[in-house]
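Read the structure below first, then the notes.
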Amino acid sequence: MLGPIAIWDLFVTGILRGGMYALMAVGLSLVFGVMKIPHFAHGEFYMLGAYTAYFVYAVFRLPPLVAILSAAFTGLLAGVLAEKLMFSPLRRRHAEQWVLNTFLVTVGLSFVMQNAALALWGGQYRGITQYWHGSIQLFSGMHISVDRAISFIIAIFCIVGLWWFLDFTRMGKAIRAVAQDETGALLVGIDLDQIHTITFGLSSLMAAIAGASLLSLNPAYPTVGLAPLYKSWYVVVLVGLGNMAGAIPGGFIVGLLETFSYYAFGSGWQDVISLSILILILLFKPAGLFGSRVRNLSNA
Amino acid sequence: MLTVAQLESGYNHLQVLWDVSLKVMKGEMVALLGRNGAGKTTILRTIAGLLKPKAGRIDFMDRRIDGLPAHEVSRMRISFIPENLHLFPAMSVLDNLLLGAYSIQDPRKIKESLAFVHDIFPALAQRRRQLAGSLSGGEQRMLALGRGLMSQPELLLVDEPSLGLAPRMASTVFDTLGKLRLRGLTILLVEQNVHTTLQISDRSYVLEQGRIVLEGGSREFLENDHVCKTYLGSGDE
Amino acid sequence: MTMAQACGINTERTNRWAVLSPLGLFLLAALGLLPLFVQDEYILQLLISSLLLGSEAMAFDFTAGFINIVNFGFAAVLGVGAYTSALLVLHWGISPWLGPLGGAIASAALGFFIGVLTLRLQGIYAAVMTWFVGLTLLSLTASLSGLTRGYRGLNVPLFLNTATRRPYFYIIFVVTLLTFVALQWIGSSRVGLAFRAIGQNLESARASGVNPTKYRVINFTLSCAFAGLLGGFYAHFLGILTPDVMHSRQTVEVLALAYIGGRGSLWGGLMAAFVFVPLLEYLKPLMEVRLIIYGVLLILVMIWCPGGLAEIYSKLKQHLRMGTRAILKRNTP
Chain A
43 MLGPIAIWDL FVTGILRGGM YALMAVGLSL VFGVMKIPHF AHGEFYMLGA YTAYFVYAVF
103 RLPPLVAILS AAFTGLLAGV LAEKLMFSPL RRRHAEQWVL NTFLVTVGLS FVMQNAALAL
163 WGGQYRGITQ YWHGSIQLFS GMHISVDRAI SFIIAIFCIV GLWWFLDFTR MGKAIRAVAQ
223 DETGALLVGI DLDQIHTITF GLSSLMAAIA GASLLSLNPA YPTVGLAPLY KSWYVVVLVG
283 LGNMAGAIPG GFIVGLLETF SYYAFGSGWQ DVISLSILIL ILLFKPAGLF GSRVRNLSNA
Chain B
24 MLTVAQLESG YNHLQVLWDV SLKVMKGEMV ALLGRNGAGK TTILRTIAGL LKPKAGRIDF
84 MDRRIDGLPA HEVSRMRISF IPENLHLFPA MSVLDNLLLG AYSIQDPRKI KESLAFVHDI
144 FPALAQRRRQ LAGSLSGGEQ RMLALGRGLM SQPELLLVDE PSLGLAPRMA STVFDTLGKL
204 RLRGLTILLV EQNVHTTLQI SDRSYVLEQG RIVLEGGSRE FLENDHVCKT YLGSGDE
Chain C
-15 MTMAQACGIN TERTNRWAVL SPLGLFLLAA LGLLPLFVQD EYILQLLISS LLLGSEAMAF
45 DFTAGFINIV NFGFAAVLGV GAYTSALLVL HWGISPWLGP LGGAIASAAL GFFIGVLTLR
105 LQGIYAAVMT WFVGLTLLSL TASLSGLTRG YRGLNVPLFL NTATRRPYFY IIFVVTLLTF
165 VALQWIGSSR VGLAFRAIGQ NLESARASGV NPTKYRVINF TLSCAFAGLL GGFYAHFLGI
225 LTPDVMHSRQ TVEVLALAYI GGRGSLWGGL MAAFVFVPLL EYLKPLMEVR LIIYGVLLIL
285 VMIWCPGGLA EIYSKLKQHL RMGTRAILKR NTP
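Protein chains in written order, with this note's numbering: chain A, 43 to 342; chain B, 24 to 260; chain C, -15 to 317.
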């Protein structure tokens, strides 16, 4: 059986991962809720964040916070560019089959970004051991490394920040308005193009922050985004597409589940089991665990 | 104030409007009448910028507005209150109203608008914290009107404001429209309720199959039995 | 204007027996005769790759272009066919010539299963489901290392022990032909019409008496059966299998070809394979660049020409036809 300390360690890892999954999943949810884009290149913005942070921190030897902030900025910039160059012209040209077409565009984008990273930086792992040294003693042998604690705080800070932004600012309210009723938003004078660009930029920014803060756990390499991508999709499907509030507890549930089942079954089988669970959920509750209505998106 | 000239419009490949021309003067309340499918809503949607016209032009206060995207039309102080409202259901009444003033930057002006709307619809002040989606049908209609007023529009395009409302509620809505007009708003109204509409409006256009077939003073229409019978069914529906 | 036309889906096909146009027939005959003149193994290899990927794109398009669901687990289905065929040959001593049939049956069963799993799901949810099924199969294949040898790779007996690739060319040529004719024939039959109907609008298809449940399962079963057949060929052609064949990356390559070729056209994917596989093979030293090009093309097609090569072709044909008509008119006194 596991001792309390081992359980504690697993718990801490699970919560830390969960925080990052929540951060990723909230971005995914935001993009789907506001723009109706099933975003399959979300992991590539995570990858971009990880590389940026690595170069800034390990190569240019700048402080960790600068590394993470530069990653955030790069993510934002890349997201804004992607939206302006691809989704904006696509929306202007034809709105039919939007969900499917944008899905395929993001698939292409993911291919491009992954292979561009490979061409530019090669396939090797670029990681760091930690941003911050030391650990915090809690009680009777249970401790947390400072590095992980700070990563966790960053994740929470970002989620709370996003929440505040969406709930209390004029722009944030406009974003929610677009998600709830696009025509209504147009009628009150909201510029959809602008909202879409901001939304996609924000979501990419958060993915990049996740990639940067987890650099000590997952080194940067071209396909590092794949696991976070499918984990965040896991979360989003678990709680229902577009359900942003649900993405937060969902992230933690998935983080904890993954950590404990990894311990219990090993990596390969853990994937098989957790994926099978999700398939069952999709089968019986297609709108997600917390969802009540099945959204018809076939022709959206 | 609003001039629509030789407008042709519709959805994708289905043309609905043919050669529609109309004028609305400042301070007027003008009604668009006609049977279902005659193209009344299409006119409003085209003016509001939700539909792109295929031909013709629309001028508002000496500026050409046809082809402008809807959010820019809205910023030119034209408010469209659609039949199916398009509220933000998961937001509070207050947030819905504040979003109505999205294009206004000055916080003092927003406060002014809010006071104005709360004055007209006291119920919206009482329910400010409630979610828009949880309001009753009549309250939602008021909220939509209120949201449309928040941007301090010059011209109000109102589509079927009494649809689905109990008679008492409907007459409240008409009273409100009358009040707004007294305060100097210009209103272009689409209504099924022909009798009441003719009573409160100054002029009317009658549409049939996407064309304007008749125009004149509302009072004259009301007194002209032939017009009521031929074009509008026998008065109230 | 129907939605199909709006999306650039080719709906003009009416004669179901006209599976091949004269032009297509000519190209096909030329392709079949080509190896008689070409001795270069490298070119043969390119032709084989093009045929294989092109057939995969057609099988993929049979779901994506017809019932409008992206089977994101396509590579996994193909991999199941490949592994089944390989294991049947290895453990049961079945001839490699029959193995792919076993693969096709296994994949068809899997396709049936996926069809049932996605029954209640619409559009993107169905794609996510197939993706997760694919991921599950991938990790399952990697984990069952007693059977599949996992990432160490499974050595698979070849069809033939020959030095030249020419026989392989003819095997895949026949398989491609079979795939194309079968899919085209079904696609232009009443069943195909039902597929397109549920792909365009599920509700109105249901209203006009098409049972979406039945046709979706039939479609998945058929498309996956061909994927399994191709997987079997792949296994006994290459001689080694790793779980990587099931990776979503492989799906994306096939998906890109199918959509660049033109959704719902079937032949578009094959055409795209013949254009892009050799072209990109030319850039082989830079594998990344090749995949970047795929990605960029996919994005460009989605934004600027959602009907793909097939749309360009039909527009071109239309222009030509109108052009000739104009000339005829001018020349008639």
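Using N, Cα and C, we set each Cβ at its ideal position, and we do this for glycine too.
Element boundaries [beta strand (DSSP E), containing residue i]
i	result
Gln139 (chain A)	From DSSP, Gln139 (chain A) is part of no beta strand (DSSP E); its letter is neither H nor E.
Phe103 (chain B)	101 to 104
Val53 (chain B)	52 to 56
Lys46 (chain B)	37 to 47
Ala78 (chain B)	78 to 83
Thr209 (chain B)	209 to 213
Gly33 (chain B)	25 to 34
Integer Cβ distance of residue i from residue j, believed to fall under 8 Å
i	j	result
Ser32 (chain B)	Leu40 (chain B)	5 Å
Phe302 (chain A)	Tyr278 (chain C)	The Cβ separation is near 39 Å, so there is no contact.
Asp45 (chain C)	Ala256 (chain C)	Going by Cβ atoms, the distance from Asp45 (chain C) to Ala256 (chain C) rounds to 10 Å, so no, they are not a contact pair.
Ile321 (chain A)	Phe116 (chain C)	6 Å
Ser159 (chain B)	Ser97 (chain B)	With 8 Å as the limit, Ser159 (chain B) and Ser97 (chain B) do not qualify as a contact, their Cβ atoms being about 26 Å apart.
Ala59 (chain C)	Ser207 (chain C)	With 8 Å as the limit, Ala59 (chain C) and Ser207 (chain C) do not qualify as a contact, their Cβ atoms being about 13 Å apart.
Ala120 (chain A)	Phe87 (chain A)	6 Å
Val27 (chain A)	Val98 (chain A)	Limits of chain A in this structure are 43 at one end and 342 at the other, which puts residue 27 (chain A) out of reach.
Leu225 (chain C)	Val140 (chain C)	6 Å
Ile186 (chain A)	Ile195 (chain A)	Incorrect: roughly 11 Å between the Cβ atoms, too far for contact.
Leu56 (chain B)	Val217 (chain B)	6 Å
Phe143 (chain C)	Ile155 (chain C)	7 Å
Contact under 7 Å by Cβ, residue i with residue j
i	j	result
Pro84 (chain C)	Gly216 (chain C)	yes
Gly231 (chain A)	His94 (chain B)	yes
Asp182 (chain B)	Met52 (chain B)	no
Gly85 (chain A)	Ile283 (chain C)	no
Ser39 (chain C)	Thr163 (chain C)	yes
Gly243 (chain A)	Val141 (chain A)	no
Arg152 (chain B)	Ser115 (chain B)	yes
Lys215 (chain A)	Leu122 (chain B)	yes
Ala294 (chain C)	Ser249 (chain C)	yes
Ile202 (chain C)	Ala158 (chain A)	no
Leu65 (chain A)	Ala252 (chain A)	yes
Val281 (chain A)	Gly330 (chain A)	yes
Leu108 (chain B)	Ala167 (chain B)	yes
Gly308 (chain A)	Gly60 (chain A)	no
Own chain residues within Cβ distance below 8 Å of residue i, not counting five before or after
i	result
Ala88 (chain C)	Gly65, Ala209, Phe210, Gly212, Leu213, Gly216
Tyr304 (chain A)	Gln312
Thr116 (chain A)	Leu90, Gly91, Thr94, Ala250
Cys(-9) (chain C)	Only weak support exists for where Cys(-9) (chain C) lies, its pLDDT of 37 falling under 50; the value from the coordinates is given anyway. Hits under 8 Å: Arg247, Pro290, Gly291.
Tyr167 (chain A)	Pro261, Ala262, Tyr263
Chain-order list of residues whose beta-carbon lies under 6 Å from that of residue i (same chain, five-residue window excluded)
i	result
Ala78 (chain B)	Glu31
Met192 (chain A)	The sequence as given places Ile at residue 192 (chain A); Met does not occur at that position. For Ile192 (chain A), where only same-chain residues beyond five positions count, the Cβ hits under 6 Å are Trp174.
Gly134 (chain C)	Ala126
Phe221 (chain C)	Tyr152
Phe145 (chain A)	Pro80
Asn(-1) (chain C)	With a pLDDT of only 49 at Asn(-1) (chain C), under 50, the local geometry of the prediction cannot be trusted, and the value read off the model is given with reservation. Nothing meets the Cβ criterion.
Ser69 (chain C)	Gly83, Pro84, Gly86, Gly87, Gly216, Ala219
Gly240 (chain B)	Arg226
First and last residue of the uninterrupted alpha helix (DSSP H) at residue i
i	result
Val201 (chain C)	196 to 222
Met213 (chain A)	212 to 222
Ser246 (chain A)	234 to 255
Ile234 (chain C)	First, the amino acid is wrong: residue 234 (chain C) is Gln here, not Ile. Taken as a continuous stretch (DSSP letters only), the alpha helix (DSSP H) holding Gln234 (chain C) covers 232 to 245.
Tyr263 (chain A)	Where Tyr263 (chain A) is concerned, there is no enclosing alpha helix (DSSP H), given that its DSSP letter is neither H nor E.
His141 (chain B)	130 to 143
Contact set for residue i: own chain, Cβ-Cβ below 7 Å, skip 5 residues either direction
i	result
Asp189 (chain A)	Gln172, Tyr173, Trp174, Ser258
Ala221 (chain A)	Gly75, Val76
Thr253 (chain B)	none
Met192 (chain B)	Gly161
Gly137 (chain C)	Ile224, Leu225, Thr226
If contact means a Cβ-Cβ distance below 7 Å, which residues of the segment 217 to 228 of chain A contact chain B?
-> Arg218, Ala219, Gln222, Asp223, Thr225, Gly226, Leu228
Chain A contacts from the segment 117 to 132 of chain C (Cβ-Cβ distance under 8 Å) | Val117, Leu119, Thr120, Ser123, Leu124, Ala126, Ser127
Near-chain C residues of the segment 290 to 323 of chain A (beta-carbon distance less than 7 Å), N- to C-terminal order | Gly310, Trp311, Asp313, Val314, Leu317, Ser318, Leu320, Ile321
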